[in-house]
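Residues 20 to 321 in this note's numbering are what the sequence shown spells out, letter by letter. Backbone N, C-alpha and C define an ideal beta-carbon position, used for all residues, glycine too.
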Amino acid sequence: MGKYIIAGGTGFIGGYLTALLRKEGHEVYVLTTQKSRLSFSEKGQQFVYWQPKERYIDETFTLSECKLINLAGAGVAEQRWTAARKKEILDSRIDCLETLYLAVEKKQLQVQHLVSSSAIGYYGEGYKLFAEDDLGDDSFLSSVCRKWEEAAWQFARHNTPVAVIRTGIVLGKEGGALKEFLKPLRFGVAGIPSDGQQIYSWIHVEDISRIFYYLSSKNKEGIFNGVAPHPASVNTIFTAMIRHTHPFFMRVHAPDISLKLLLGEMAIEVLKSTNVSSEKILQDGFRFLYEEIDPCIDALMT
Numbered sequence: 020m021g022k023y024i025i026a027g028g029t030g031f032i033g034g035y036l037t038a039l040l041r042k043e044g045h046e047v048y049v050l051t052t053q054k055s056r057l058s059f060s061e062k063g064q065q066f067v068y069w070q071p072k073e074r075y076i077d078e079t080f081t082l083s084e085c086k087l088i089n090l091a092g093a094g095v096a097e098q099r100w101t102a103a104r105k106k107e108i109l110d111s112r113i114d115c116l117e118t119l120y121l122a123v124e125k126k127q128l129q130v131q132h133l134v135s136s137s138a139i140g141y142y143g144e145g146y147k148l149f150a151e152d153d154l155g156d157d158s159f160l161s162s163v164c165r166k167w168e169e170a171a172w173q174f175a176r177h178n179t180p181v182a183v184i185r186t187g188i189v190l191g192k193e194g195g196a197l198k199e200f201l202k203p204l205r206f207g208v209a210g211i212p213s214d215g216q217q218i219y220s221w222i223h224v225e226d227i228s229r230i231f232y233y234l235s236s237k238n239k240e241g242i243f244n245g246v247a248p249h250p251a252s253v254n255t256i257f258t259a260m261i262r263h264t265h266p267f268f269m270r271v272h273a274p275d276i277s278l279k280l281l282l283g284e285m286a287i288e289v290l291k292s293t294n295v296s297s298e299k300i301l302q303d304g305f306r307f308l309y310e311e312i313d314p315c316i317d318a319l320m321t
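Given below as structure tokens:
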């Protein structure tokens, strides 16, 4: 059927999305910085070498009438936010899009449509319900998201339709936030940040993969929030997980000051509420597999 290029296709969401695209009969070209992966190319999935820091994609690789999905970028929660790490978080996102844009300008790639990641970190903090037309704040992640999105919009200069997905907290078995949440629970400890009242806008990994495909297959344009219809408090999320783990547990609320000492500036993201609306994607016709947190956790932990 169609031809898809995926940047970030070897990551957590990328693995699910690649499998979905192949299931739908599409040819998938996964960009990789590891030459060792090239030998794992197979029918329906080809690895293509690139080095975004060097603005390089294998010159022998050209593709016409293809669609592009960008998921690439250094993990936000993987390391403490030193000055060097913050630079890497931003640069890794911009470098990838700039490299792809350069390939379009050189006519190495003829992209019919782009779907690019962003994050709900764009909105900053608040219990109010954020929609796509709300403004961000002056936080680090909001600044990163603005620049990330600007790098995607430049593809419109070549008459390429662009959709941006502001992704929430992604839950899945093999990665994402759930894996981290479960670590203390396996020892009978529910390590809940702060008072647990903060709101997290979450989404099942299958649903976020389906949103990327939905927007791409229908050539949608604009900004869409990639979150489930019903955000949940941290306490609610942990209560759902506890049902499937240790029969006897101790609920421990980590004080704000402890988290700030442990995580530094990154603690802001753990402690804040971001209540984000999915109304736009619902009104467009997308239907979620997992709208509420309890069925989502049940599916992931059974």
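| field | Secondary structure of SER296, DSSP reduced to three states | value | Note: SER296 maps to coil in three-state DSSP.
| request: Taking only runs that begin and end inside the segment 149-195, name each unbroken alpha helix (DSSP H) of 4 or more residues, in chain order. | output: 159-172
| Assuming ALA259 and ILE184 make a contact with CB atoms under 8 Å, what is their CB distance in whole Å? | Contact doesn't hold; Cβ gap of about 25 Å is too wide.
| message | Using the three-state DSSP reduction, which class does ALA247 fall into: helix, strand or coil? | response | coil
| field | Cβ-based neighbour list, ARG165, same chain, cut-off 8 Å, excluding 5 preceding and 5 following | value | TYR141, GLY155
| task | Using alpha carbons as the reference points, say which of ILE242, GLY195, GLY30 lies closest to ALA12. | result | Only positions 20 to 321 of the chain appear in this structure, which leaves residue 12 out of reach.
| said: Taking 8 Å as the threshold (C-beta atoms), are PHE174 and VAL123 in contact? | reply: A distance below 8 Å separates the beta carbons of VAL123 and PHE174.
| said: Can you confirm whether the segment 227-236 touches the segment 22-39 when touching is taken to mean that 3 or more C-beta pairs between the two stretches lie within less than 8 Å? | reply: The segment 22-39 is in contact with the segment 227-236.
| query | Can you name, in chain order, every residue of its own chain whose Cβ lies under 6 Å from the Cβ of LEU133, other than the five neighbours on each side? | reply | LEU87, PHE174, THR179, VAL181
| request: Check whether the Cβ atoms of ALA196 and GLU117 sit closer than 8 Å, and answer yes or no. | output: no
| task | Check GLY28 in the structure and name its three-state DSSP category. | result | If DSSP states are grouped into helix, strand and coil, GLY28 belongs with coil.
| field | Nearest-angstrom Cα separation, counted from SER158 out to PHE31 | value | 26 Å
| said: With a threshold of 7 Å on Cβ separation, who are the neighbours of GLY143 within its own chain once the five nearest residues in sequence on each side are excluded? | reply: GLY155, ASP156, SER158, SER161
| query | Excluding five sequence neighbours on each side, which residues of the same chain lie with their C-beta closer than 8 Å to the C-beta of ILE113? | reply | Hits under 8 Å: LYS166, TRP167, ALA170.
| message | Am I right that ASN89 and GLY27 are in contact with their C-beta atoms under 8 Å? What's the rounded C-beta distance? | response | 7 Å
| said: Am I right that LEU82 and LEU128 are in contact with their C-beta atoms under 8 Å? What's the rounded C-beta distance? | reply: 5 Å
| task | Taking only the alpha-carbon atoms, compute the straight-line gap between LEU335 and GLU240 and give it to the nearest angstrom. | result | This structure leaves residue 335 out entirely; the chain is present only between 20 and 321.
| said: Taking the alpha-carbon of TRP172 as reference, which of PHE200, SER136, ASP153 has the nearest alpha-carbon? | reply: SER136
| query | By a C-beta neighbour count over all protein chains shown, 10 Å radius and 16 as the cutoff for buried, is GLN64 buried or exposed? | reply | buried
| query | Among GLU73, SER296, CYS85, which one has its Cα closest to the Cα of ASP110? | reply | Selected option, being the one with the closest Cα: GLU73.
| message | Distance check for LYS198 and TYR219, CA to CA, integer angstroms please. | response | 16 Å
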